[in-house]
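Participant: Residue numbers 1 to 496, in the working numbering, belong to the letters of the sequence shown in order.
All residues carry an ideal CB built from backbone N, CA and C; glycine is no exception.
Sharing a structure with you now.
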Amino acid sequence: SQAAGSDKSKIEDLAYDNEVGIFNPSYYNYGDYTAHYQYTVKPPLEYDSENTHLNWKFAGSEHIPYKNVKIIVPGDGIDTVYAYPPSLQVEKVEDQYVITGSLSTNEILAVELVGPSPAFAKMPGFRSEVSDVKGKTGSAAFWYNLPYYAAYLVNLLGKIGLILVPLSLVVIYNRYGREKEFTVPAYLSTLPGKSLKPWQVNLLFKGDAMDFDVDGYYATLLDLHKRKNIVIREKGEGKGILIRVLSTDGTDAYEQRVIAFISMLSEDGVLDTDRIASITKKAQSESSAEEKALKFQRSLSDVTTRVDTSLSSKYIVDGREHLMVLLLPTLVLMGITILLTVISPMQSYILFPALVFWFVILFQEGIAFAAPSTLFGHWKDDHYREKLEWDAFTHFLSDMAMIQKYAPADLSMWGEWLIYGTALGVGDKVEGAMKSLNIHLPEAEVPMGVVGMSSAFMPLASFSPPSHGSSGGGGGFGGGGFGGGGGFGGGGAGGR
């Protein structure tokens, strides 16, 4: 019924132009309400010498979701019906077209009709002549629906990827990741070989075969001392260490970098870690000391994290290379999905789930990339047996009972155990066993263990520069046109 006079002003404030609706100043209780509307309209019609075109927009870009949509249009003389969004079903029932489906929030609902001009002869409207009505309607429908097709495609590919990627990982593992079988004892008390230097053992056989860490650096210092390239001396328990460079004879490129680092930190030919610690303390208040401490810290980080990993390629096939066939398409399709989400927000209800799919797929692939490089690759030739032997040696050095049982009489062997145990990350276990058996480190041709070594370099490794302050300073009737968004009408049901 017509609104009471007292409510008219409020309705005028709430309603859009040309909008119809129902109004209750006391609001509505939860439930179903049925409203019937009948319009007399004169839509814009485009025509040429053969066909006429009508584009009717039933809901614009601002409305609530429609769970059930049903539109019935006369079918006499109508050649082609385009319904938007393309997810709607169009069915010819006798002399009518029945359009059914659902709409998400703010999704345009429109229907385009194309047919011979006599079919529209009795329809009142505002006619305008346009060339090739049928061709332009079909072209506009294609381009309007293209973002939908793209959204449906990336959504479908995401669903397929969720299943295909795990299966592909299994296939890649079976194809490239299986190793040869070798029989190796669980514990090995002798070095598997002396052809590799400690830093190389750290790179290849501690953790991932592509990763080098600080234990390789400490083991190299101990090995250089044993080989008389440098001399390391403790100043006293907990008082730092002194390192003097003697020669570079017989050293490789990495060992020369370590010696160069020691020389850079030395004063009068001696590296005193206490002096380095005092520099880090001064750096908290002096900018010149801070600059020097940061320079030393960068150099320390360089020798404790970076080595020539080309050695690894002689021992293993990196499985991550095989995973790139999965990662690259994922990144491309995820990028396309994000781009579509930005430029086509109307399809977001299709694209957001697709984006979730791609993030899950990327997470799956991330786990695979985080796995050891040989999981989806393999050790070349017979190097897997060598890897198993070094693992057995590590297990032996980690077991105090086994060390005590097979303790060697040759004290120099303890030195090798400590050096290579440090490279493998179990130097502290060897050092503890030596103390329990009352074996002094210098007797084994090593100056100190990894515990003292790491403590000596800790002030520089953990240095953090002082923080410095910073300064800074609606609906309604539209025109005609082609495609889902250019139709006559619009608006839609909104909750206000």
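Quick one: residues in its chain with C-beta nearer than 6 Å to the C-beta of residue 338, no 5 flanking neighbours on either side, listed in chain order?
Facilitator: Excluding positions up to five away in sequence, the list is empty.
Participant: Just to confirm my understanding: we take residue 379, look at its own chain, exclude 5 residues before and 5 after, and list those with CB closer than 7 Å. What are they?
Facilitator: Contacts found: 179, 315, 316, 387.
Participant: Have a look at residue 160 and residue 102 and give me their C-alpha separation to the nearest angstrom.
Facilitator: Their Cα atoms are separated by approximately 25 Å.
Participant: Which word fits residue 49, buried or exposed, when buried means at least 16 other C-beta atoms lie within 10 angstroms of its C-beta?
Facilitator: Residue 49 is exposed by the Cβ-count criterion.
Participant: List the endpoints of the continuous beta strand (DSSP E) containing residue 58.
Facilitator: Unbroken beta strand (DSSP E) run through residue 58: 51–59.
Participant: Measuring alpha carbon to alpha carbon, tell me which of 190, 163, 82 ends up nearest residue 143.
Facilitator: It is 82.
Participant: Hey, how far is the Cα of residue 360 from the Cα of residue 162?
Facilitator: So the alpha carbons of these two residues sit roughly 7 Å apart.
Participant: Compute the distance between the beta-carbons of residue 365 and residue 333, then report whether it is under 8 Å.
Facilitator: No; because the gap between Cβ atoms is not below 8 Å, this pair is not in contact.
Participant: Measuring alpha carbon to alpha carbon, tell me which residue in 123, 72, 433 is nearest residue 42.
Facilitator: Comparing Cα positions, the closest option is 123.
Participant: Quick one: give me the first and last residue of the beta strand (DSSP E) that residue 112 is part of.
Facilitator: Residue 112 -> beta strand (DSSP E) spans 109–116.
Participant: Considering just the uninterrupted stretch of the beta strand (DSSP E) at residue 260, what are its terminal residues?
Facilitator: Where residue 260 is concerned, there is no enclosing beta strand (DSSP E), although the alpha helix (DSSP H) it sits in stretches over 253–265.
Participant: Between the alpha carbons of residue 504 and residue 189, how many angstroms are there, rounded?
Facilitator: With the chain covering only 1 through 496, there is no way to say anything about residue 504.
Participant: Among residues of its own chain, excluding the 5 on either side of residue 280, which ones have a beta-carbon nearer than 7 Å to its beta-carbon?
Facilitator: Hits under 7 Å: 293, 459, 460, 463.
Participant: Does DSSP classify residue 96 as helix, strand or coil?
Facilitator: Three-state result, residue 96: strand.
Participant: Just confirm the distance between the C-beta atoms of residue 55 and residue 117, as a whole number of angstroms; I'd bet it's less than 8 Å.
Facilitator: The Cβ separation is near 16 Å, so there is no contact.
Participant: Assuming residue 99 and residue 111 make a contact with CB atoms under 8 Å, what is their CB distance in whole Å?
Facilitator: So it is a contact: roughly 6 Å between Cβ atoms.
Participant: Along the chain, where does the alpha helix (DSSP H) containing residue 497 start, and where does it finish?
Facilitator: There is simply no residue 497 to check, as the chain begins at 1 and stops at 496 in what is shown.
Participant: Express the C-alpha separation of residue 260 and residue 327 in angstroms, rounding to a whole number.
Facilitator: If I take the Cα positions, the gap works out to 40 Å.
Participant: Who are residue 73's beta bridge partners in DSSP?
Facilitator: 97.
Participant: Give the DSSP-derived three-state secondary structure of residue 333 in the structure shown.
Facilitator: Residue 333: helix per DSSP, three-state reduction.
Participant: Excluding the 5 residues flanking residue 158 on each side, which residues of the same chain have their C-beta closer than 6 Å to its C-beta?
Facilitator: Around residue 158: 354, 357, 358.
Participant: Taking all protein chains shown into account, decide if residue 305 is buried (16 or more other Cβ within 10 angstroms of its Cβ) or exposed.
Facilitator: Residue 305 should be labelled exposed.
Participant: Reducing DSSP to helix, strand and coil, say where residue 316 ends up.
Facilitator: Residue 316 falls in the strand class under three-state DSSP.
Participant: What's the call for residue 225, buried or exposed, on a 16-neighbour Cβ count within 10 Å?
Facilitator: Flag for residue 225 reads buried.
Participant: Considering only DSSP beta bridges, list what residue 242 is partnered with.
Facilitator: DSSP, once it has assigned bridges, lists 233, 272 as partnering residue 242.
Participant: Taking Cβ positions, are residue 218 and residue 453 nearer each other than 8 Å?
Facilitator: Their beta carbons are under 8 Å apart, which means residue 218 touches residue 453 by this criterion.
Participant: Determine, using beta-carbon pairs with one atom in the region 403–418 and one in the region 202–216, whether at least three such pairs fall under 8 Å.
Facilitator: Taking 8 Å as the limit for Cβ pairs, the verdict is that the region 202–216 does not touch the region 403–418.
Participant: For residue 78 and residue 86, what's the separation of their Cα atoms in angstroms?
Facilitator: C-alpha separation (whole angstroms): 19 Å.
Participant: Could you check the C-alpha separation between residue 290 and residue 222 for me, to the nearest Å?
Facilitator: Near 29 Å, if we compare the C-alpha coordinates of residue 222 and residue 290.
Participant: Quick one: measure Cβ to Cβ for residue 187 and residue 402, integer angstroms, because I've assumed they're closer than 8 Å.
Facilitator: The Cβ separation is near 5 Å, so the contact holds.
Participant: Check whether the region 238–249 touches the region 266–273, taking contact to mean three or more Cβ pairs, one atom from each stretch, closer than 8 Å.
Facilitator: Yes, since at least three Cβ pairs between the region 238–249 and the region 266–273 fall closer than 8 Å, the two stretches touch.
Participant: According to DSSP, is residue 475 helix, strand or coil?
Facilitator: Residue placement at residue 475 cannot be trusted, given a pLDDT of 42 that sits under 50; what the coordinates show is reported in the next sentence. Of the three classes helix, strand and coil, the one that applies to residue 475 here is coil, per DSSP.
Participant: Using DSSP with H/G/I as helix, E/B as strand and the rest coil, what is residue 23?
Facilitator: Residue 23: coil per DSSP, three-state reduction.
Participant: Taking just the CA atoms, how far does residue 167 sit from residue 107?
Facilitator: The straight-line gap from Cα to Cα measures roughly 37 Å.
Participant: Taking the Cβ atom as the reference point for each residue, do residue 44 and residue 128 lie within a distance shorter than 8 Å?
Facilitator: Taking 8 Å as the Cβ cut-off, residue 44 and residue 128 qualify as a contacting pair.
Participant: If you drop the 5 nearest sequence neighbours on each side, which residues of the same chain put their C-beta closer than 8 Å to that of residue 424?
Facilitator: Within the same chain, residue 424 has close Cβ partners 201, 202, 205, 206, 215, 390, 393, 394, 397.
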